[in-house]
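In my numbering, each residue's number is its place in the sequence shown (first place is 1) plus 66.
Note that CB positions come from ideal geometry on N, CA and C, so glycine has one too.
These numbers were taken from a predicted model, which means no experiment stands behind them.
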Amino acid sequence: MFGGDIKVVQDATGYRFSIDSIILAYHVRPKPADVILDLGTGCGIIPLILGYREWDARIIGVEIQSDLAEMAAGNARLNNMEDRITIHHRDLRDLKPILSPESVDLVCTNPPYRKAGSGRVNPDIQRAIARHELKANLHDILQTSLFVLKKKGQIVVIYPADRLTDLLCGMREHGLEPKLLRPVHSYADSEAKLIIVMGKKAGRPGMKIDHPLTVYNKDGSYTGEMEAMLE
67 MFGGDIKVVQ DATGYRFSID SIILAYHVRP KPADVILDLG TGCGIIPLIL GYREWDARII
127 GVEIQSDLAE MAAGNARLNN MEDRITIHHR DLRDLKPILS PESVDLVCTN PPYRKAGSGR
187 VNPDIQRAIA RHELKANLHD ILQTSLFVLK KKGQIVVIYP ADRLTDLLCG MREHGLEPKL
247 LRPVHSYADS EAKLIIVMGK KAGRPGMKID HPLTVYNKDG SYTGEMEAML E
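1. Any idea what DSSP makes of PRO177, helix, strand or coil?
2. Are the beta-carbon atoms of THR107 and GLU136 separated by less than 9 Å?
3. Between the beta-carbon of GLU239 and the beta-carbon of LYS267, is there less than 9 Å?
4. Under a Cβ-count criterion, where at least 16 other Cβ atoms within 10 Å of its own Cβ denotes burial, should ASP100 be classed as buried or exposed?
5. Note down the Cα distance separating ILE72 from VAL173, rounded to an integer number of angstroms.
6. Does the Cβ-Cβ distance between LYS245 and LYS284 come in under 9 Å?
7. How long is the line joining the alpha carbons of SER166 and ILE85, rounded to whole angstroms?
8. With DSSP run on the structure shown, which of helix, strand or coil describes ASP104?
9. Specify the secondary structure class of THR79 as computed by DSSP and reduced to three states.
10. Please name the residue, chosen from GLY265, ILE88, VAL250, LEU233, that lies closest to LEU215 on a Cα-to-Cα basis.
11. Which first and last residues belong to the beta strand (DSSP E) in which ALA258 is found?
12. What's the call for ILE126, buried or exposed, on a 16-neighbour Cβ count within 10 Å?
13. Kindly list the residues whose CB is nearer than 7 Å to the CB of SER252, restricted to its own chain and excluding five residues on each side of it in sequence; keep chain order.
14. Among residues of its own chain, excluding the 5 on either side of LEU158, which ones have a beta-carbon nearer than 8 Å to its beta-carbon?
15. By how many angstroms is the C-alpha of ALA78 removed from the C-alpha of ASP133?
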């Protein structure tokens, strides 16, 4: 990954990161020396990508599953990034012991996509918690983001396109004004399955729609933009 510059240890049978995390990290654009918080960091892939790209940022990952939190911390050490990546094994609904109000410049999150009780829940507990709102839901994530973000701080979320209304309404209800939306399509002629939304705490109303991101060419290879994300 990234020409071998990033090494990632993952569980062979449990949770494994997907292309969604890489897309999300690509759309996180911090300013120099920003404090970045990744909610639900999993194996730590997003902090690793940001640590590789943003040498002067301070990156915090929060993960409720102890085995994944340990794995994420190990991945930071494996890539010699422990000086700028900190991993906390914690419930994202209770960050007051580790983070002060308005102490974070940018929140990013690849949250569970499915509501509890909807669809088939994966029998593997790591995957189930990552995919369904079993431990934290969208409200919890937005409430925590509102608490930790500085005024005018940013939030970047990747989410299913069919839950776009939930996300936009939830962001506005929590004082995180949606400012930019980008649809993500598997192929140029397919409907959007995912959306990237960037919001601002206490931002003014008004949202721009960015051009779509297409993941694959017709032959199944990555598009040029996707290839650039992996360089």
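Put simply:
1. coil
2. no
3. Judged by beta-carbon spacing, LYS267 lies beyond the 9 Å limit of GLU239, meaning their Cβ atoms are not closer than that value.
4. buried
5. 22 Å
6. no
7. 32 Å
8. strand
9. In the three-state reduction of the DSSP assignment, THR79 falls in the coil class.
10. Closest by alpha carbon: GLY265.
11. 258 to 267
12. It counts as buried.
13. LYS259, VAL281, TYR282
14. LEU105, GLY106, VAL128, ILE130, ALA202, ASP206, ILE207, THR210
15. 13 Å
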